[in-house]
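Residue numbers (our numbering): 9 to 107.
All C-beta atoms, glycine included, are put in the ideal place defined by N, C-alpha and C.
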């Protein structure tokens, strides 16, 4: 086999040994991945490290969900303000026609 092929095989092995991947979930749907690499050497991830990464991805998922809720709330507030203003203008127009 060629030297290049061995380098590719080694690189694939290295990636498998040096990365930790956790999903980022929003409302139980996959939103993304958090990937951590240990580049200096192969690394056996401890339960503390995997638990910590899980906590981080949980917090990221919560933050994304909250941002989505804020976006919806902001849009609803804008729509409510437009409706309020339209109702106010209609009320003024009715009042003006009565006078």
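In the structure shown, the three-state DSSP call for residue 30 is strand.
Restricting attention to 64, 27, 59, the CA atom closest to the CA of residue 48 is found in 27.
The Cβ neighbour count for residue 105, taken over all protein chains shown within 10 Å, is under 16; the residue is labelled exposed. With fewer than 16 neighbouring CB atoms inside 10 Å of its own CB, residue 58 falls in the exposed class. By the C-beta criterion, the region 73–82 is judged not to be in contact with the region 41–56, since fewer than 3 inter-stretch pairs fall below 8 angstroms. Partner residues in a beta bridge of residue 77, as assigned by DSSP, do not exist. In this structure, residue 32 places its C-beta atom within 7 angstroms of the C-beta atom of residue 65. Per DSSP, the unbroken beta strand (DSSP E) holding residue 39 starts and ends at 37–45.
Closest in alpha carbon position to residue 39, among 73, 91, 55, is 73. In this structure, DSSP gives residue 94 a helical state, which the three-state scheme calls helix.
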